[in-house]
Structure formats: C-alpha cells, structure tokens
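Residue numbers (this note's numbering): 257 to 585.
Every residue, glycine too, gets a C-beta built ideally from N, C-alpha and C.
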C-alpha cells in the first residue's frame, strides 16, 4: 500500500506498533529524545486523535505498509507560528525492509510538508550509520550535534550564589535575539532561520519550541521558567525550563555568553527549582556549549546519548541583492 496518513481506525494499531518496536533501539531512525527516553516522544492517543480524524491539529501520524503490514511509522509536529515540521519520531523494522520503509516515509513527509507551504522539515537522528544515511538520502543535511544529559537526583542543590537573572519579558525579545546571534554559529542560524519575533515570550516564542534552543517533544512540554541575565547592559545568559507531561522528562536549557562553568551551573539550578522532581531531569547540550556540559557533569548529570540535528529546506532561499559600484564616465 505504500505511505499514507493514518486514519482513526489505525490509531490503536500504529500506537501499538511504535511502542512495541521501541523496545529495540536499532529500530529508531529519528527521535527528538535519546533512545532511553524515546517513549516520551510518543504522545498519548488523546493528542493524536484530532490529527487522524482530519481536524485542525499540530500533529500528524504516517505509516508505511507492505503486504498489509506496517514496516515504518512516524509522528510529525507542525509548528504553531513557523512554516516548519518536526519529525518527533520515525521508526522502522530493524532490518533492511524497515530502512527502506523509513526512507519512503521520510520522503513522503517532506513532499506533504512542501504541498502545505512549509519551508523546512527538522529531524533529530541517533549518531549511527543507518539513521544518518536514511536522512542524508532523503535530502537532509546536518547542522550540529546535540548530547543529552540526564539527572535522576531528587532535586538539584540551591545556587551557590544569588543569581542575577530575572524572568524574561516580551520587551526582551530583541535583546534575546541579539544574544542568540552572538552565541550561535552561523551554520546553525542559517538552518533555524529565527527572527526577533520568535523570541517574544508573550507571543508563542517559536525559538523556545523544539528543535531550536531546546530539544524534546513540544506536545509534552510546557515552558515553566525563562530567566535572562544581563551585565553591562547586555544579555549575558539565558536559562529555560520545561515541565514534562505524560512520559516526557523535565527539560532545562542554559546558554551563556562567556565560558563560565560556575555561572552555568547556578543558572541550571535556579531554572530547575520550581520543577517537581517526579521524573528525570534532562538537559540537551550542543557541540558548541562544552562548558555547559562540564557544569552538568559537576552536578551529577550523566551522558545519555548524542544525536545529529538535521534539516531539509523545502523553499529556495533568495539572497538579498548585493550592491555593486557603478562606474560613471
């Protein structure tokens, strides 16, 4: 039958297929959470139901079948305020047929996104040969790596000093955007295509939705705290925490302008203080944030898994016209 969008009568079967196949980490082709936490990327059926019923929804479910049997399945999230889709989870049978099914499924998802006017499709891919090749062959490219750290402690200690950060406000959008530009490699900025409006904490703040500043499943995360620290009238650090829902862990993200391990550790502690410690606390760290990783390790976090962040551009970018000198005789 090939690739198709799942209907209401498929929901139970697709959910059972995904949950059963996740027991084998080699079945994961793409996932916004590391393999040990991948179950948190699968939303509960009440969140999936509107999408499979054809109602307006941010979530879509796709399945690839051969001979009446599923070989691959995917859960896709459509961003609320940005023209992009995020592959929350893509799984396939742990054999060559499953790889072929996942590739066909991924290609079909991109085609569907383009027809709906999307500009980009994002995916987070285990740093292993089979998943990487599947995304490369489907036209994606990798723009950075991200390592997840997990803490199972009852609660992080209090900050060792008074943290100068305050709760971010809508009026801080421009400053936070400038901070993002100053602390983010150009290749990542080019892939994410964020603007000032995406950092407005009062208007949805698309920059704080996965997969941009933080990873995870946006269907199962609720932003709890957004702290901004300033020094010399400039933003110097940002900390964001998210409360996990269903099976999703809590998530905390910190970025600093300077390589200051102690400051990063105190901000991590401050941002996580209001989170109930009823589940693991996770922190994604990108390859250009090594000092944050050191801060996490010093507070008892353990490295869980590393993923490659991929994007496929569906719209052709038009470079702004350059001005050339005109010789006047």
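query: Residues sharing a beta bridge with residue 566, DSSP; result: 379 and 398
query: Contact between the stretch 502-521 and the stretch 550-568 (3+ Cβ pairs under 8 Å); result: yes
query: N- and C-terminal bounds of the alpha helix (DSSP H) containing residue 471; result: It is not in any alpha helix (DSSP H) - residue 471 carries neither H nor E in the DSSP assignment.
query: Residue 473 classed as buried or exposed, judged by whether at least 16 other C-beta atoms fall within 10 angstroms; result: buried
query: Opposing strand residues paired with residue 509 [DSSP bridges]; result: 496
query: Of the listed residues 372, 265 and 453, nearest to residue 425 (C-alpha basis); result: 453
query: Of the listed residues 420, 400 and 500, nearest to residue 545 (C-alpha basis); result: 400
query: Span of the beta strand (DSSP E), counted from its first residue to its last, around residue 612; result: Outside the shown range of the chain, which is 257 to 585, sits residue 612, and nothing can be said about it.
query: Presumed contact (8 Å Cβ cut-off) between residue 390 and residue 358, rounded CB distance; result: 6 Å
query: DSSP state of residue 584 mapped onto helix, strand, coil; result: For residue 584, the predicted structure reports a pLDDT of 48, less than 50, and the residue's modelled location is therefore unreliable. The matter cannot be settled from this model.
query: C-alpha gap between residue 330 and residue 469, whole angstroms; result: 23 Å
query: Spatial neighbours of residue 317 in its chain, beta-carbon cut-off 8 Å, leaving aside the 5 residues before and after; result: 261, 262, 266, 267, 270, 304, 307, 308, 329, 330, 331 and 332
query: Buried or exposed by the 16-neighbour rule on C-beta atoms within 10 Å, applied to residue 495; result: buried
query: Residue 333 - DSSP class collapsed to helix/strand/coil; result: strand
query: 6 Å CB neighbourhood of residue 326 in its chain, flanking five on each side removed; result: 273 and 319
query: Per DSSP, cross-strand counterpart(s) of residue 345; result: 287 and 331
query: Local Cβ density within 10 Å of residue 566, reported as buried at 16 or more and exposed below that; result: buried
query: Among 519, 539, 438 and 381, nearest to residue 500 - alpha-carbon criterion; result: 539
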